[in-house]
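Enquirer:
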Amino acid sequence: MTTIIMQSREAEGRKPFLEALVRLAVRTAWEPVKKMVDATGVPEIQRACRILAVLICPAPEKHKAVQDGALLPLAKEGLLATSKERLERVFPADWVRRLQEGFGGV
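Just so we're aligned: the sequence shown equals residues -12 to 93 in this note's numbering.
(1) With DSSP collapsed to three states, give me the class of L61.
(2) Along the chain, where does the alpha helix (DSSP H) containing C36 start, and where does it finish?
(3) Could you tell me the boundaries of the alpha helix (DSSP H) in which G89 lies?
(4) Have a look at A46 and E88 and give me their C-alpha separation to the nearest angstrom.
(5) Nearest-angstrom Cα distance between A26 and E18?
(6) Could you check what DSSP says for P3 in three-state terms: helix, strand or coil?
(7) Taking 7 Å as the cut-off, is the beta-carbon of L86 closer than that to any non-hydrogen atom of the ligand FMN?
(8) Measure the Cβ-Cβ separation of R(-4) and F4 and say whether it is below 8 Å.
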């Protein structure tokens, strides 16, 4: 996991982290994740991470990684259609409109 993070940051031209810091962060974060996977299963954790990615990202309609890794899989599950009304109540209409335009009206 540490190697993947380091390579990803380098490939995207982002500032590198110290490898020792990344290794520590991965170990610290991975233990609770393993416990959650054991308790709930991979699909539930994956879905929760996708939802969090969409909510955390300030402009998911502009970030291909969030679109490909979170929004499209959620849309394929039908979750996006189910949640559209809720999103429109919670987020500004302009945000939801830009999100839909980014996906060609999905």
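From the three backbone atoms N, C-alpha and C, an ideal C-beta is built for every residue, glycine too.
Predicted model only: the values in this text are computed from it and were never measured.
Expert: In this structure, then:
(1) The sequence position of residue 61 within the sequence shown is 74, counting from 1. DSSP places L61 in helix when its eight states are reduced to three.
(2) Along the sequence shown, one-based indexing puts residue 36 at 49. Where C36 is concerned, the enclosing alpha helix (DSSP H) stretches over V29 to I43.
(3) Against the sequence shown, residue 89 aligns to sequence position 102. Residues A80 to G89.
(4) By one-based count along the sequence shown, residue 46 stands at place 59. By one-based count along the sequence shown, residue 88 stands at place 101. Put simply, the backbone Cα of A46 is about 12 Å away from that of E88.
(5) If you number the sequence shown from 1, residue 26 lands on position 39. If you number the sequence shown from 1, residue 18 lands on position 31. Separation of A26 and E18 (C-alpha to C-alpha, rounded to the nearest whole angstrom) is 13 Å.
(6) Counted from its first residue, the sequence shown places residue 3 at position 16. Residue state for P3 is assigned as coil, using DSSP reduced to three classes.
(7) Although the ligand FMN was asked about, the structure shown includes no ligands whatsoever.
(8) What you label residue -4 is simply residue 9 of the sequence shown in a count that begins at 1. What you label residue 4 is simply residue 17 of the sequence shown in a count that begins at 1. Yes. Within cutoff.
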